[in-house]
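Enquirer: Here it is, the structure, as structure tokens.
2 protein chains.
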Amino acid sequence: MPAQRPALMPLLNVHDGAAAVEFYKAAFGAEVLFMITEGSVVANLAIGGAEFWLADDSPQHHNFSPQGLGGSTVRLVLVVDDPDALFARAIAAGAQQVWPVEDQHYRWRMGRVVDPFGHHWEIGKPLR
Amino acid sequence: MPAQRPALMPLLNVHDGAAAVEFYKAAFGAEVLFMITEGSVVANLAIGGAEFWLADDSPQHHNFSPQGLGGSTVRLVLVVDDPDALFARAIAAGAQQVWPVEDQHYRWRMGRVVDPFGHHWEIGKPLR
Numbered sequence: 001m002p003a004q005r006p007a008l009m010p011l012l013n014v015h016d017g018a019a020a021v022e023f024y025k026a027a028f029g030a031e032v033l034f035m036i037t038e039g040s041v042v043a044n045l046a047i048g049g050a051e052f053w054l055a056d057d058s059p060q061h062h063n064f065s066p067q068g069l070g071g072s073t074v075r076l077v078l079v080v081d082d083p084d085a086l087f088a089r090a091i092a093a094g095a096q097q098v099w100p101v102e103d104q105h106y107r108w109r110m111g112r113v114v115d116p117f118g119h120h121w122e123i124g125k126p127l128r
Numbered sequence: 129m130p131a132q133r134p135a136l137m138p139l140l141n142v143h144d145g146a147a148a149v150e151f152y153k154a155a156f157g158a159e160v161l162f163m164i165t166e167g168s169v170v171a172n173l174a175i176g177g178a179e180f181w182l183a184d185d186s187p188q189h190h191n192f193s194p195q196g197l198g199g200s201t202v203r204l205v206l207v208v209d210d211p212d213a214l215f216a217r218a219i220a221a222g223a224q225q226v227w228p229v230e231d232q233h234y235r236w237r238m239g240r241v242v243d244p245f246g247h248h249w250e251i252g253k254p255l256r
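Protein sequence lines correspond, in order, to chains A and B. The numbering of the first sequence is our numbering, which starts it at 1 and goes up by one. The numbering of the second sequence is our numbering, which starts it at 129 and goes up by one.
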């Protein structure tokens with residue numbers, strides 16, 4: 001049995017998991033790798049192979065959604081080949097611009113959106 | 129120039145970035161790939177090659193820490209070869225157990241801790 005290479009995946013707590021899956025498919029072209037919908041939603045998604053998870057919030061288990069808390073505590077840094085195109089696609093799907101895609105002083109081309117579930121995405125790529 | 133393979137990295141907002149870097153080094157053996165400390169802290173860390181970022185919180189820019197909001201909105205799923213050992217190391221470094229490492233009905237061996245900065249980590253691996 002080969003050793004497990006360490007992996008780190010964010011698990012987004014959302015107020016409406018089923019709607020969030022549809023949003024991430026439309027906004028980022030996410031693929032659904034795994035999903036359970038009995039009781040509450042848990043889903044494993046991937047954006048061009050980059051995996052993340054989401055689940056319905058459950059404050060009684062310390063799983064708060066941004067809508068429930070009034071803000072988010074983790075940003076999602078999404079590195080892609082064409083941040084301008086993916087940013088535009090996310091806005092078209094219903095995300096809101098926090099700041100536009102621009103060349104930043106830290107030598108990334110990057111912009112930031114907040115999605116309808118309150119999660120913040122920084123979409124960009126390093127400048128070379 | 130080769131195409132950028134999509135990557136997704138969580139960026140943890142924390143109340144004290146410098147202390148958080150030290151904690152993640154002790155708790156998870158994290159390696160510091162990049163760090164700026166002028167003004168506020170921004171750091172790029174890796175756990176066995178699995179990258180994440182952290183930054184000092186700045187509520188005026190929508191970057192809330194779990195301590196500031198009273199909870200966290202994203203869980204960190206950390207997949208490693210020996211979750212029992214890493215869980216114990218995190219506890220020894222100052223994390224608190226939410227639930228212990230056990231074989232779960234969803235066929236992962238997994239446990240959950242909350243770190244001193246309020247971020248929740250689910251540490252485990254798939255059962256085969």
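Each residue gets a CB set at the ideal place from its N, CA and C atoms; glycine is no exception. What you are looking at is a predicted structure, and each value in this text was computed from that prediction instead of being measured.
So, helix, strand or coil for Q4 (chain A), using DSSP?
Expert: DSSP places Q4 (chain A) in coil when its eight states are reduced to three.
Enquirer: Please tell me whether S200 (chain B) has its Cβ less than 8 Å away from any Cβ of chain A.
Expert: Yes, contact with chain A.
Enquirer: Run through chain B and tell me which residues come within less than 9 Å of I65 (chain A), C-beta to C-beta.
Expert: The residue asked about is misnamed: residue 65 (chain A) is Ser in this sequence, not Ile. Result: T201.
Enquirer: Using DSSP's beta-bridge definition, name the partner residues of L294 (chain B).
Expert: With chain B covering 129 to 256 only, the question about residue 294 (chain B) has no answer from this structure.
Enquirer: Starting from L153 (chain B), find everything on chain A with Cβ-Cβ shorter than 8 Å and list it in chain order.
Expert: Inspection of the sequence shows that residue 153 (chain B) is occupied by Lys rather than by Leu. The premise fails here: K153 (chain B) is roughly 15 Å from chain A at the closest Cβ pair, so nothing lies under 8 Å.
Enquirer: Taking C-beta to C-beta, are W236 (chain B) and L255 (chain B) nearer than 8 Å?
Expert: Against a cut-off of 8 Å, the Cβ pair of L255 (chain B) and W236 (chain B) comes out as a contact.
Enquirer: With a cut-off of 8 Å, does the C-beta of W53 (chain A) fall near any C-beta of chain B?
Expert: Answer yes: the Cβ-Cβ gap between W53 (chain A) and chain B drops below 8 Å somewhere.
Enquirer: So what's V41 (chain A) in DSSP terms, helix, strand or just coil?
Expert: Reduced to three states, the DSSP call for V41 (chain A) is coil.
Enquirer: Going straight from the alpha carbon of P194 (chain B) to that of T73 (chain A), what length do you get?
Expert: Approximately 6 Å, taken between the alpha carbons.
Enquirer: Can you give me the start and stop residues for the alpha helix (DSSP H) that F87 (chain A) sits inside?
Expert: F87 (chain A) -> alpha helix (DSSP H) spans 83-93.
Enquirer: Quick one, are the C-beta atoms of E31 (chain A) and A18 (chain A) less than 8 Å apart?
Expert: No. Outside cutoff.
Enquirer: Could you give the residue range of the alpha helix (DSSP H) that holds P100 (chain A)?
Expert: Unbroken run through P100 (chain A) is the beta strand (DSSP E), 96-103; no alpha helix (DSSP H).
Enquirer: Between the C-alpha atoms of H233 (chain B) and L86 (chain A), what's the straight-line distance to the nearest angstrom?
Expert: Each residue's alpha carbon lies about 37 Å from the other.
Enquirer: Can you find a CB in chain A that lies within less than 8 Å of the CB of P134 (chain B)?
Expert: So yes, P134 (chain B) belongs to the interface.
Enquirer: Of all the CB atoms in chain A, is at least one closer than 8 Å to the CB of M137 (chain B)?
Expert: Yes, M137 (chain B) counts as interfacial toward chain A.
Enquirer: Run down chain A in chain order and give the residues with a C-beta less than 7 Å from the C-beta of A178 (chain B).
Expert: Residues of chain A passing the Cβ test: P6, A7, L8.
Enquirer: Just to confirm the assignment, what range does the beta strand (DSSP E) spanning F162 (chain B) have?
Expert: Per DSSP, F162 (chain B) belongs to the beta strand (DSSP E) from 159-164.
Enquirer: Measuring straight from C-alpha to C-alpha, what distance separates V239 (chain B) and A92 (chain A)?
Expert: Looking at the sequence itself, residue 239 (chain B) is Gly, so the reference to Val does not match. One C-alpha to the other measures close to 39 Å.
Enquirer: Helix, strand or coil for F23 (chain A), going by three-state DSSP, please let me know.
Expert: F23 (chain A) falls in the helix class under three-state DSSP.
Enquirer: Taking a contact to mean a Cβ-Cβ separation below 8 Å, would you say D212 (chain B) touches N141 (chain B) in this structure?
Expert: In this structure, N141 (chain B) does not lie closer than 8 Å to D212 (chain B) by Cβ.
Enquirer: Does F180 (chain B) come out as helix, strand or coil in the three-state DSSP assignment?
Expert: Three-state result, F180 (chain B): strand.
Enquirer: For R109 (chain A), which beta-bridge partners are listed by DSSP?
Expert: R109 (chain A) pairs with A:D103, A:K125.
Enquirer: Give a yes or no on whether 8 Å exceeds the smallest Cβ distance from V241 (chain B) to chain A.
Expert: No, its Cβ sits nowhere closer than 8 Å to a Cβ of chain A.
Enquirer: Along the alpha helix (DSSP H) that carries G196 (chain B), what are the first and last residues, could you check?
Expert: First-last of the alpha helix (DSSP H) with G196 (chain B): 194-197.
Enquirer: Relative to chain A, which residues along the segment 218-246 of chain B have a C-beta separation below 8 Å, given in chain order?
Expert: Within the segment 218-246 of chain B, the residues whose Cβ lies closer than 8 Å to some Cβ of chain A are V226, V242, G246, listed in chain order.
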